[in-house]
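Notes for the one structure printed next.
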Amino acid sequence: MNKVLTVLFFILCGVTASAQQDAQFSQYMFNGIYVNPAYAGYREQWNIHAFYRNQWANLPGAPKTFSVAVEGTANNDRVGLGLQVMSDKLGASNTSSAYFTYAYRIPMNEDGSSRLAVGISGGFLQQRLDISLLTTSSSIPDPALVNGENNRTMPDARFGIFYNRERFFTGISASNLLSQSFQKSQALKEYLPLKPHLYFTIGGLLPLSEQLLLKPSMLIKEDLAGPTSLDLNAFMLISQQLWLGASYRTTFLKKSNLASDLKKPSALVFMAEVFVNDKLRLGYAYDMTVNGTVATNYPTHELSVGYFFKRRNARMLSPRYF
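Just so we're aligned: the sequence shown equals residues -19 to -1, 1 to 303 in mature numbering (1 follows the signal peptide of the UniProt record, and there is no 0).
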């Protein structure tokens, strides 16, 4: 069993290294704080949001990720505050993190429906490797695993800028800004490398009728080493109660440091989020890998739940669609 887990771990690490290393959720568009710290406070309503992602279900050692985020506003909606904790397990590795977020939200018009926000997150990231799952009695031990440090906690920071109008948004952000400098363990550097990630998001809202709204959006993810990832999303909001949509996720492999024979990772994602009432939202995503690799046989399931607290000040300038 150890040998199977070892092989799977290195296969999965290879997939991760050739794609994006940050844990990512398909339903990030339902709470942008997972991508950009400057999003904190956008909804101008305190809320708590949780994700659980079971990637490549039934494949031993495949990623399982859980995260909870709390965010809202203070100082007459001028300041966004947030807290995000996450646990990401992949084979023999387990990564945990916690970040506090502060965003300063600058009104760009009289009623405050358009804002430019600058946000920063600070916290820690802990990486752990279970060596017992990576070695067998007959295997030749890797000195980096046997002699190296396999559990380390490091400080980290994220930064972002987010701009929104009532029917448009865009943002840029960066993650893993400090942790790479504190990752001293050779084992962790070799098997769980940390690299800064850059994110760019843009999207809008197009009313098709009184009861039907279209929300197209795009996310570009770049780690400056592996392939560039692109998400193309399209969602319909029906009667202000149900989001239905899909995403196409693909990559660009044309980089001098990448092998020319790499198979292009691609996936289709189908999602729904229902407004149970004015406080509770439930979401589900189904990911299908479509590039013909072994992952094609293992779908991904993702659940989300959001709870919104009542505002002390009942003023809500406009609905929050992003």
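Note that the Cβ used here is the ideal one computed from N, Cα and C, for glycine as well.
Check	Outcome
Quick check: PRO18 and ILE101, are their CB atoms within less than 8 Å of each other?	yes
Among the residues of its own chain, which have a CB less than 6 Å from the CB of GLN107, if the five just before and after it don't count?	SER77 and THR134
Taking the alpha carbon of THR277 as the point to measure from, which residue in SER210, LYS260 and SER247 has its own alpha carbon closest?	SER247
Report the rounded CA-to-CA distance for SER7 versus GLN167, giving the unit in angstroms.	32 Å
Would you mind working out which of LEU193, GLY61, GLY264 and GLY104 sits nearest ILE87, comparing C-alpha positions?	GLY61
Measure the C-alpha to C-alpha separation of ASN39 and ARG230 and round it to an integer number of angstroms.	22 Å
Residues in the same chain with beta-carbon distance under 8 Å from ALA155, minus the five sequence neighbours each way, listed in chain order, please.	ARG139, PHE140, GLY141, PRO177, HIS178, LEU179 and TYR180
Starting from the N-terminal side, write out each stretch of the alpha helix (DSSP H) that is 4 residues or longer and does not extend beyond the region 164 to 236.	167 to 172
Exposed or buried, LYS165, counting other C-beta atoms within 10 Å across all chains shown (16 or more means buried)?	exposed
Among GLY63, ARG96, PHE105 and SER198, which one has its Cα closest to the Cα of MET10?	SER198
Span of the beta strand (DSSP E) holding GLY72?	It is not in any beta strand (DSSP E) - GLY72 carries neither H nor E in the DSSP assignment.
Where does GLY61 fall in DSSP's three states?	strand
Which residue from GLN36, PHE81, ASN28 and ALA215 puts its Cα closest to that of PRO136?	PHE81
Compute the Euclidean distance between the alpha carbons of GLU171 and ALA43, then round it to the nearest angstrom.	19 Å
Among the candidates ARG292, ASP111, THR232 and PHE303, whose CA atom is the shortest distance from the CA of PHE216?	PHE303
From this set, ASN35, GLU147, SER48 and ARG59, which residue's C-alpha is nearest SER95's C-alpha?	GLU147
Three-state secondary structure (DSSP) at SER95?	coil
Which one of TYR20, HIS30 and TYR23 has the shortest CA to CA distance from PHE289?	HIS30
For the beta strand (DSSP E) holding PHE149, just list the boundary residues, first then last.	149 to 156
Which of the three DSSP states, helix, strand or coil, is assigned to MET10?	helix
What residues in its chain sit with their C-beta under 6 Å from that of ALA4, if we drop five residues either side in the sequence?	THR46 and ASP69
With a cut-off of 8 Å on the beta carbons, I'd call PHE256 and TYR267 a contact; round off their distance for me.	With 8 Å as the limit, PHE256 and TYR267 do not qualify as a contact, their Cβ atoms being about 20 Å apart.
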